[in-house]
Amino acid sequence: MASITELIKQLRASTQAGFMDCKKALEATNNDIDQAIKWLRENGIAKAAKKVDNVASEGLIKLKLADQKATILEINSQTDFVTKNDQFVAFSNELVDLVNKHEITDVAKIEQLKLASGSTVAETQIHLTAIIGEKISLRRVAFVKEEANSSLATYLHSNSRIGVIVKTSKTDDKEFLKHLAMHIAASNPKFVSQKDVSADFIAKEREIAAAQAQSENKPKEFIDRIVDGRINKVLEEVCLVNQKFLVNQEQTVQQAAQAKKVEILSFIRYEVGEGIEKQVSNFADEVKAQMK
Numbered sequence: 001m002a003s004i005t006e007l008i009k010q011l012r013a014s015t016q017a018g019f020m021d022c023k024k025a026l027e028a029t030n031n032d033i034d035q036a037i038k039w040l041r042e043n044g045i046a047k048a049a050k051k052v053d054n055v056a057s058e059g060l061i062k063l064k065l066a067d068q069k070a071t072i073l074e075i076n077s078q079t080d081f082v083t084k085n086d087q088f089v090a091f092s093n094e095l096v097d098l099v100n101k102h103e104i105t106d107v108a109k110i111e112q113l114k115l116a117s118g119s120t121v122a123e124t125q126i127h128l129t130a131i132i133g134e135k136i137s138l139r140r141v142a143f144v145k146e147e148a149n150s151s152l153a154t155y156l157h158s159n160s161r162i163g164v165i166v167k168t169s170k171t172d173d174k175e176f177l178k179h180l181a182m183h184i185a186a187s188n189p190k191f192v193s194q195k196d197v198s199a200d201f202i203a204k205e206r207e208i209a210a211a212q213a214q215s216e217n218k219p220k221e222f223i224d225r226i227v228d229g230r231i232n233k234v235l236e237e238v239c240l241v242n243q244k245f246l247v248n249q250e251q252t253v254q255q256a257a258q259a260k261k262v263e264i265l266s267f268i269r270y271e272v273g274e275g276i277e278k279q280v281s282n283f284a285d286e287v288k289a290q291m292k
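By UniProt numbering, the letter at position 291 of the sequence shown is numbered 291, and the numbering carries on one by one without gaps.
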């Protein structure tokens, strides 16, 4: 369990709110980080909930595009240092090849597959954990097939911490597909378009926007209009087709795709450690434990 000091530090990093505001938010929400972010937003103190997933786990994203199919996976270690270990890198490379071949996304089933050594994935993870000294584990996998009327593209950022698969209608414009995948990596959209946004997401954002407007003492007769405007702003940020295309800021992604006669069908974006809560430990206690 994180201390109140660590929770405040985490909340400040996520919202850019002041120390006392973060303390009040945690007190008002029984130290629940997600609710504290919501409280700060409702009170106009934090404009956005950027990631409380400011992340504990390290590791690599691996991608494989071959035989009209693409696989993306995340494999975790405890420190960034391990991601440069030759055995860890070799294992992750063999693992993504194996997964792409077998077309399996269930981690438990993947762990029973055998590698070239004859050992299972699970046995190899245990072996690497023992010799490297850090827990090594496959976290998640996704798989996409390219049909006759579609195209696939992938992008792996240079540090192997962010990877993307994007699927579009059929196109031979490899450069546009590459730029589209790079845009997704950099801009981190949550949905392709507004039709993919869940009703729950809209309802939550509407609740937050209404509370913000009320806390700002906006005239009641204008609140609905203000809320609608703020919802539209959120949708511009989270929907891929509404975002300004990084290659040409004068176009939205939708306009750029239409100019290429391409329809964006789906995408998958993985970033190392997203959504994993950092384990907080007391350094002094760790030292004492090692001295026993």
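Ideal Cβ placement from N, Cα and C applies to all residues, glycine included.
From the DSSP output, which residues share a beta bridge with Ile268? Ile165
Any idea what DSSP makes of Gly18, helix, strand or coil? coil
Between the alpha carbons of Thr129 and Ala70, how many angstroms are there, rounded? 28 Å
Please work out which residues of its chain come closer than 8 Å, Cβ to Cβ, to Ile132, disregarding the five sequence neighbours upstream and downstream, and give them in chain order. Ser77, Val82, Asn85, Gln87 and Phe88
Roughly how many angstroms lie between the CA atoms of Ser193 and Ala116, to the nearest whole one? 42 Å
What is the DSSP secondary structure of Gly59, reduced to helix, strand or coil? strand
Is Ile184 near Phe91, with beta carbons less than 7 Å apart? no
Cβ contact check for the segment 138-154 and the segment 240-256: 3 or more pairs under 8 Å: no
Looking at the secondary structure, which residues open and close the beta strand (DSSP E) in which Ser137 lies? Ser137 to Lys145
The beta strand (DSSP E) that contains Asn76, what's its start and end? Lys69 to Ser77
Nonlocal neighbours in the same chain, by C-beta distance under 8 Å from Glu236, ignoring five residues either side: Asn242 and Gln243
Please state whether DSSP places Ser30 in a helix, a strand or coil. The residue asked about is misnamed: residue 30 is Asn in this sequence, not Ser. DSSP places Asn30 in coil when its eight states are reduced to three.
Alpha carbon to alpha carbon, how far is Glu286 from Asn188? Residue placement at Glu286 is poorly supported in this model, since its pLDDT is 43, which falls under 50; the coordinates are not used for a value here.
Quick one: grab the DSSP three-state call for Ala256. helix
Mind checking which residues open and close the alpha helix (DSSP H) that includes Ala209? Ala199 to Ser215
Other residues of its chain near Thr168: CB distance less than 7 Å, five sequence neighbours each side excluded: Ser150, Ser151, Leu177, Val262, Glu263, Ile264 and Leu265
If I measure Cβ to Cβ from Leu113 and keep anything under 7 Å in the same chain, skipping five residues before and after, which residues do I get? Leu98, His102, Thr120 and Val121
Apart from the five residues on each side of it in sequence, which residues of its chain come closer than 6 Å, Cβ to Cβ, to Ile162? Ala185 and Glu271
Is the beta carbon of Ala148 closer than 7 Å to that of Val166? no
Tell me the rounded alpha-carbon separation between Ile8 and Ile104. 40 Å
For Thr129, the first and last residue of its enclosing alpha helix (DSSP H): Val121 to Ile132
Cβ-Cβ distance between Glu205 and Val234 below 7 Å: yes
Considering Cα atoms alone, identify which of Glu134, Leu138 and Asn100 is closest to Glu111. Leu138
So, using beta-carbon positions, are Leu60 and Ser160 closer together than 7 Å? yes
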